[in-house]
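Every letter in the sequence shown is one number past the one before it in our numbering, and letter 9, counting from 1, is 736. Working notes for the structure below.
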Amino acid sequence: MSTNVSIEFEKARKKHQDARTDLERLQALLEMKSACPSHKGGENLKADILKRISRLKADIEKQKTQKAKKGSGASIAVKKEGAGQIVLVGMPNSGKSTLLKALTGVEVQIAPFEFTTIKPEKGMMKFEQVQVQLVELPAIIQGSSEGKANGTQVISLARNADAVCLVLNSNNAVF
């Protein structure tokens, strides 16, 4: 059944066809909805427009959440080397860098202030005739599990390791 539509509706339909982005399409669909005929012949047309608006809003929301996940900071990854991988995990200024340097001899920045390590530092250590990889991870802080300070990525590295070494400083005891 054909529906008699207004000139405003046709302009909005043309705008929808010419739209290049989802936001432009959504705006045009909203204009089509407001210019849609209100008589009985326009009920199916209006239902179709409402369905399209709903789908488009869901797509836009999905894209926003994917962008938010994607842009949550620089990706950090460490390729496993040697017979195993051990990660050093701890709070800021707990001595992870000092321990890494003492066990592997690798030159890492050690400073008396917090958050000196901003990306994983790695070194190789000999243990009973095999080489084992030690990886110092950036500090774990309150809120890391919710993504604060790249916490989810740091925790993911710890989860993928063969062993985890928790480094604590008794001078900063908060446990």
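We put the beta carbon where it would ideally sit given N, CA and C, even for glycine.
Under the three-state reduction of DSSP, which class applies to residue i: helix, strand or coil?
i	result
L861	strand
E848	strand
L895	coil
G768	helix
F736	helix
V833	coil
A866	coil
Q856	coil
T787	First, the amino acid is wrong: residue 787 is Ile here, not Thr. I787: helix per DSSP, three-state reduction.
A804	coil
A890	strand
Let me confirm a value: residue i is counted as buried when at least 16 other C-beta atoms fall within 10 Å, else exposed. Which label applies?
i	result
G817	buried
T844	buried
I837	exposed
F842	exposed
A774	exposed
E848	buried
List the whole-angstrom C-beta distance separating residue i from residue j, where the pair is believed to meet the contact cut-off of C-beta under 8 angstroms.
i	j	result
V814	L756	In fact, because the Cβ distance is near 50 angstroms, the residues do not count as touching under 8 angstroms.
V859	G811	5 angstroms
T792	G768	Not confirmed; about 39 angstroms, so no contact.
V833	L884	The pair is not a contact, with the Cβ atoms about 17 angstroms apart (cut-off 8 angstroms).
I903	K846	No answer is possible for residue 903: it lies beyond the span of the chain, which begins at 728 and ends at 902.
Spatial neighbours of residue i within its chain, please: C-beta separation below 6 angstroms, excluding the five flanking residues on both sides.
i	result
K760	I776
K828	V835
M852	L830, T831, V859, L861
Please go through the same chain and pick out, in chain order, the residues whose beta-carbon is closer than 8 angstroms to the beta-carbon of residue i, but skip the five residues on each side of it.
i	result
I734	none
A890	G811, Q812, I813, V814
Q790	D749
Would you mind working out which of the options sits nearest residue i, comparing C-alpha positions?
i	options	result
Q869	P819, N771, L861, V891	P819
L830	F842, G850, I845, A838	G850
R782	A739, E808, L750, G809	L750
A785	L895, L753, V835	L753
L894	I867, V857, N887	Strictly speaking, residue 894 in this sequence is Val, with Leu absent from that position. Comparing Cα positions, the closest option is I867.
V857	H766, E808, E848, N887	E808
Could you name the residues of the same chain whose beta carbon sits closer than 7 angstroms to that of residue i, not counting the 5 residues immediately before and after it, in chain order?
i	result
H743	R752, A755, L756, M759
R740	M759
F736	M759, A762, C763
Would residue i pass as an interface residue toward chain C - the criterion being a Cβ-Cβ separation below 8 angstroms?
i	result
R782	The chain inventory of the structure shown lacks chain C, comprising one protein chain alone.
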